[in-house]
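Engineer: Handing you this structure, nothing more for now.
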Amino acid sequence: MVRDHLLMRGFMDGYRWEGDEDDYEFVHGISTRNKEGGDRDVEDLGHDQDVEDPGDDHDHNVGDPGPDDEEDQDGGHHDDHEDEDDGPSSMDWVQDPYLQELLLKQTSNARAAAREKAKMDQLEVDAVTPLYEGCRPEDTRLKVTLMALEMKVKHKMTDTSFNDNMSFWQNVFPKGTTSIYMGLLKEELATLWDAPANTWDAAAEEYFPMRAALLTTVHDFLGYGYVAGQVVHGFNACVGCMDDTTYRQLDRDPGSSKAVFMGHRRWLREDDPWRKRKDLFDGQDEPRRRPRTRSEQIDELLKNWKECPPPGKKRKAPEPLLKVWKTRSVWDLPYWKILRVPHSLDVMHITKNVCESLLGTLLNMLEKTKDGPKARYDLQSIGIREELHAGRPNDDDDDDDDDEAEDTQSRRKGEKAKKIEYYCPPACFTLSQKEIEFFDCLLGVKLPYGYAEKISRYLDKAKRRFAG
Numbered sequence: 059m060v061r062d063h064l065l066m067r068g069f070m071d072g073y074r075w076e077g078d079e080d081d082y083e084f085v086h087g088i089s090t091r092n093k094e095g096g097d098r099d100v101e102d103l104g105h106d107q108d109v110e111d112p113g114d115d116h117d118h119n120v121g122d123p124g125p126d127d128e129e130d131q132d133g134g135h136h137d138d139h140e141d142e143d144d145g146p147s148s149m150d151w152v153q154d155p156y157l158q159e160l161l162l163k164q165t166s167n168a169r170a171a172a173r174e175k176a177k178m179d180q181l182e183v184d185a186v187t188p189l190y191e192g193c194r195p196e197d198t199r200l201k202v203t204l205m206a207l208e209m210k211v212k213h214k215m216t217d218t219s220f221n222d223n224m225s226f227w228q229n230v231f232p233k234g235t236t237s238i239y240m241g242l243l244k245e246e247l248a249t250l251w252d253a254p255a256n257t258w259d260a261a262a263e264e265y266f267p268m269r270a271a272l273l274t275t276v277h278d279f280l281g282y283g284y285v286a287g288q289v290v291h292g293f294n295a296c297v298g299c300m301d302d303t304t305y306r307q308l309d310r311d312p313g314s315s316k317a318v319f320m321g322h323r324r325w326l327r328e329d330d331p332w333r334k335r336k337d338l339f340d341g342q343d344e345p346r347r348r349p350r351t352r353s354e355q356i357d358e359l360l361k362n363w364k365e366c367p368p369p370g371k372k373r374k375a376p377e378p379l380l381k382v383w384k385t386r387s388v389w390d391l392p393y394w395k396i397l398r399v400p401h402s403l404d405v406m407h408i409t410k411n412v413c414e415s416l417l418g419t420l421l422n423m424l425e426k427t428k429d430g431p432k433a434r435y436d437l438q439s440i441g442i443r444e445e446l447h448a449g450r451p452n453d454d455d456d457d458d459d460d461d462e463a464e465d466t467q468s469r470r471k472g473e474k475a476k477k478i479e480y481y482c483p484p485a486c487f488t489l490s491q492k493e494i495e496f497f498d499c500l501l502g503v504k505l506p507y508g509y510a511e512k513i514s515r516y517l518d519k520a521k522r523r524f525a526g
């Protein structure tokens, strides 16, 4: 690439290059000699030129055409010269043996040589890969990168200003950047699998082609949806049951109006007694088995999904496939369908949230408990756990009518309606004043240095509360 630039344009404006026929052939990609090595082939040059004897001493200036050339250019060969002025494409530069010799570093071992070869292969891929889906075909990754670096040198931009400029364009890049980044990640993972690296085996004392594969991903539940391209909200949020998810929409006020998934007993053993305890769950037995793995079927469905949204510009998303799949995502990888556990959830935040909810429920903290009037009304609407149903302190029909009339009158006057209090019977997990002494146990726990902070900073025994 550097030699090509110097031969075509020189070091500065007005520079005149004086070279031989081999360099002319390298720059323009045409033959200046005939097969016998004699005079130049006038027809191969594409225009009429004065033929001189190769043995005579002469200067051939590529950058300065003679009078005859100028006349011929005006005579109808202008389009041909415009094509030549465009210069070679990025792919021609990358595949040029002289340029590859300059870019490839001289290494002393096969491992380093394999890495350099992999870089060169990736350079060839970037020379033909569009910058993003929907852009102009000539705007490849390599070309845009070189143009950006050329602009940096031309305008004498510092590294800081150049980085700020790139950050700005990253923020205004076409929407749907998550899909773009996932596309780039998939290409890198595909390269690691399709182009094995020559690796040294110390035990066998020989080189072998090593492939790299992504075995699993670790993220939270929302990240699961982004990476897997799967719906993780609504009525099909179960990533195991997918389109066979059992859900129930709870009643609104005074209920919680939540969507709950009552099919979790499917994962129990077939002889587990809880499968028939309908009085503890949703009022029904659970005879179904756990959902079977459908990786092969899902892979085939996604491959044949014609409406699958491509990465790139943001556009109206189609209806999810089976109301579950939003995009193919990492399913394009050839080995993804055979993985048993392709996605893993980050247990750190899950453990923290579950622990906070558990302690808040045991301590009956109003802002953290999961056992309140709404939860008790949900039990009543489902028809289970009658002993835990919530009720008013004085459950009298006449009082109820009076309260409703009073609330209506308050709303008409613009006043805040009186909040109705409910009585929640104590549950089996409700701690008494004596049982709350387990705080003393927590305050007395001694952990290894650096394992955790001082627990006494977050527990308040007097107020029966915790923070953090």
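Whatever position you read off the sequence shown (first residue = 1), add 58 for the working numbering.
From the three backbone atoms N, C-alpha and C, an ideal C-beta is built for every residue, glycine too.
(1) Taking only three categories from DSSP, how would you classify arginine 194?
(2) Just to confirm my understanding: we take leucine 359, look at its own chain, exclude 5 residues before and 5 after, and list those with CB closer than 7 Å. What are they?
(3) Give the secondary structure of phenylalanine 266 by DSSP, where H, G and I count as helix, E and B as strand, and everything else as coil.
(4) Taking 8 Å as the cut-off, decide whether the C-beta atoms of methionine 320 and phenylalanine 293 are in contact.
(5) Report back the beta-carbon spacing between serine 415 and lysine 428 to the nearest angstrom; my notes put them in contact at under 8 Å.
(6) Could you check the C-alpha separation between glutamine 164 and asparagine 221 for me, to the nearest Å?
(7) Are alanine 170 and asparagine 256 closer than 8 Å when you measure CB to CB?
(8) If you draw a straight line from the C-alpha of aspartate 311 to the C-alpha of lysine 432, how long is it?
(9) Return the first residue and the last residue of the alpha helix (DSSP H) that leucine 161 is part of.
(10) Could you tell me which residues DSSP pairs with glycine 292 in its beta bridges?
(11) Kindly indicate which residue of Ala317, Gln180, Leu247 has the alpha-carbon position closest to the one of leucine 273.
(12) What does the alpha-carbon distance come out to for the pair histidine 277 and valine 399?
(13) Measuring alpha carbon to alpha carbon, tell me which of Ile356, Glu182, Leu243, Pro188 ends up nearest proline 155.
(14) Using the Cα positions of alanine 485 and valine 412, report the straight-line distance between them to the nearest angstrom.
(15) Name the DSSP bridge partner or partners of tyrosine 481?
(16) Under 8 Å by Cβ, that's how I've got threonine 198 and leucine 189 pegged, so tell me the actual separation to the nearest angstrom.
(17) Tell me which same chain residues have a C-beta within less than 6 Å of the C-beta of glycine 449, skipping the five on either side of it?
(18) Proline 367 by DSSP, collapsed to three states: which one?
(19) Note the first and the last residue of the continuous alpha helix (DSSP H) segment covering leucine 500.
(20) Can you say whether glutamate 344 is buried or exposed, counting buried as having 16 or more other CB atoms within 10 angstroms of its CB?
(21) Could you give the DSSP three-state label for proline 349: helix, strand or coil?
(22) Determine the direct distance from the alpha carbon of cysteine 499 to that of arginine 492, and round the result to whole angstroms.
(23) Identify whether phenylalanine 524 lies in helix, strand or coil by the three-state DSSP scheme.
(24) Rounded to the nearest angstrom, what separates phenylalanine 279 and methionine 240 at their Cα positions?
(25) With contact counted as at least three CB pairs below 8 Å, one residue from each stretch, are the region 390-407 and the region 507-515 in contact?
(26) Determine the DSSP secondary structure at aspartate 259, reduced to helix, strand or coil.
(27) In the structure shown, what three-state DSSP assignment does alanine 168 receive?
Structural biologist: Concretely, from the data shown:
(1) In the three-state scheme derived from DSSP, where H, G and I count as helix and E and B as strand, arginine 194 is classed as coil.
(2) Within the same chain, and ignoring the five residues on either side of leucine 359 in sequence, the residues whose Cβ sits closer than 7 Å to its Cβ are Leu379.
(3) Three-state DSSP puts phenylalanine 266 in a strand.
(4) No, these two residues do not count as a Cβ contact at 8 Å.
(5) Indeed, because the Cβ distance is near 5 Å, the residues count as touching under 8 Å.
(6) Taking the straight line from one Cα to the other gives about 31 Å.
(7) With contacts defined by Cβ atoms closer than 8 Å, alanine 170 and asparagine 256 do not form a contacting pair.
(8) Whole-angstrom Cα-Cα distance: 8 Å.
(9) Where leucine 161 is concerned, the enclosing alpha helix (DSSP H) starts and stops at 155-161.
(10) None; glycine 292 has no bridge partner.
(11) Among Ala317, Gln180, Leu247, the Cα nearest to that of leucine 273 belongs to Leu247.
(12) The alpha-carbon atoms of histidine 277 and valine 399 are separated by roughly 13 Å.
(13) Shortest Cα-Cα distance from proline 155 to any of Ile356, Glu182, Leu243, Pro188 involves Glu182.
(14) If you take the alpha carbons of alanine 485 and valine 412, they lie about 19 Å apart.
(15) According to DSSP, which records beta bridges pairwise, tyrosine 481 is partnered with Gly449.
(16) By a beta-carbon distance limit of 8 Å, threonine 198 contacts leucine 189. Their separation comes to about 7 Å.
(17) These residues qualify, in order along the chain: Tyr481.
(18) The answer is coil: DSSP assigns proline 367 none of H, G, I, E or B.
(19) Counting along the chain, the alpha helix (DSSP H) containing leucine 500 begins and ends at 496-501.
(20) Buried: at least 16 other Cβ atoms inside 10 Å.
(21) Secondary structure of proline 349 (DSSP, three-state): coil.
(22) It should be noted that the sequence gives lysine, not arginine, for residue 492. A direct Cα-Cα distance of roughly 13 Å separates lysine 492 from cysteine 499.
(23) DSSP, reduced to helix, strand and coil, places phenylalanine 524 within a strand of the structure shown.
(24) Phenylalanine 279 and methionine 240: Cα-Cα distance of roughly 17 Å.
(25) When C-beta atoms of the region 390-407 are compared with those of the region 507-515, fewer than three pairs fall below 8 Å, so the two segments do not count as touching.
(26) DSSP, read as helix, strand or coil, puts aspartate 259 in strand.
(27) In the structure shown, the three-state DSSP call for alanine 168 is helix.
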